[in-house]
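Reading through the structure tokens given below for one structure.
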Amino acid sequence: MTSTPTGVTVFSIRNASFRYARRLAVACESMDVQAGECVAFTGPNGSGKTTLLKLMNGLVGPFDGSIRFLGRPIGDNPLLRKRSIFLHQHPVLFAGSVLDNLLYPLKLRHVPQAEASSRVRDAARRLDLENILDRPAARLSGGETQRVALARAVALGADVLLLDEPTSSMDEASQAAVRGIIAELKRSGATLIFSTHDAALALDVADR
9 MTSTPTGVTV FSIRNASFRY ARRLAVACES MDVQAGECVA FTGPNGSGKT
59 TLLKLMNGLV GPFDGSIRFL GRPIGDNPLL RKRSIFLHQH PVLFAGSVLD
109 NLLYPLKLRH VPQAEASSRV RDAARRLDLE NILDRPAARL SGGETQRVAL
159 ARAVALGADV LLLDEPTSSM DEASQAAVRG IIAELKRSGA TLIFSTHDAA
209 LALDVADR
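Here is the structure:
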């Protein structure tokens, strides 16, 4: 993972708003996110947390206002797909092993086999997945599935992670594990933006 230098503005949002069927779903007057920051979006269901994350990653639109990623509008910005990843609240893994799930996205991007293997092993080590690489994805717990999704993003080289409710529907042990993983990614220089109902998670790891 190549981290964006500290002090660089990763996201810059000005007067952005989005509507579902003419109903205002989210509005953000002004927000800047700097490289290496960890930012939490909190609020009740329906307040627009997930929609704002999707807007920032270019997954919904069109929208009013301006959203820039590394200085360029998100609508025509190849760096957005290369450097950032949105992780859904309930990540989807396909049939096969954990290792298969980590390697396949790299194959789609034509990453050479030796480099792909090295990236996956490094991501598995960082996310504490080395002992379950051969396990079928269908047998993973919610916490393990979230860790695989995070490892997949790391292996792809994303250093900007947008996470939707990363500890939702997990037991306490899994929540603690994911909290530790987010803290480790933050220490490594990743930029993290996440939505959450978990006040402890926001207080523990977010800068704001």
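Numbering-wise (the numbering used here), the sequence shown opens with residue 9 and increments by one.
Ideal Cβ placement from N, Cα and C applies to all residues, glycine included.
These numbers were taken from a predicted model, which means no experiment stands behind them.
Would residue i and residue j qualify as a contact pair, given that the criterion is a beta-carbon distance under 8 Å?
i	j	result
serine 38	arginine 22	yes
leucine 114	alanine 122	no
isoleucine 82	isoleucine 75	yes
alanine 103	alanine 159	no
phenylalanine 77	phenylalanine 202	no
valine 41	valine 18	yes
leucine 101	valine 34	no
cysteine 46	leucine 200	yes
alanine 185	glycine 151	yes
proline 144	serine 182	no
glycine 79	alanine 43	no
leucine 107	leucine 63	no
Provide the residue(s) that pair with residue i in DSSP beta bridges, ordered along the chain.
i	result
threonine 175	Partner(s): none; threonine 175 has no beta bridge.
arginine 22	Ser38, Ser74
valine 47	Ile201
threonine 17	Gln42
leucine 32	Arg27
Would you grab the beta carbon distance between residue i and residue j for me? Rounded to a whole angstrom, and I think it's under 8 Å.
i	j	result
valine 128	alanine 163	5 Å
serine 25	aspartate 72	5 Å
threonine 175	leucine 209	6 Å
aspartate 172	leucine 61	6 Å
alanine 161	leucine 95	6 Å
glutamine 154	proline 99	6 Å
>> Which runs of the beta strand (DSSP E) at least 3 residues long sit entirely within the region 74 to 111? Give them in chain order.
In response: If we require 3 residues or more, the beta strand (DSSP E) runs fully inside the region 74 to 111 come out as 92 to 95.
> For the region 120 to 208, which segments carrying the beta strand (DSSP E) assignment without a break, of at least 3 residues, lie completely within its bounds, in sequence order?
Replying inline: Listed in chain order, the complete beta strand (DSSP E) runs (minimum 3 residues) inside the region 120 to 208 are 168 to 172, 199 to 204.
>> For the pair the region 55 to 62 and the region 129 to 141, tell me if three or more CB-CB distances fall below 8 Å.
In response: The region 55 to 62 makes no contact with the region 129 to 141: fewer than 3 CB pairs, one atom from each, lie closer than 8 Å.
> Would the region 192 to 202 and the region 156 to 176 be scored as touching if the rule is three or more Cβ pairs under 8 Å?
Replying inline: The region 192 to 202, when compared against the region 156 to 176, does touch it at the 8 Å Cβ threshold.
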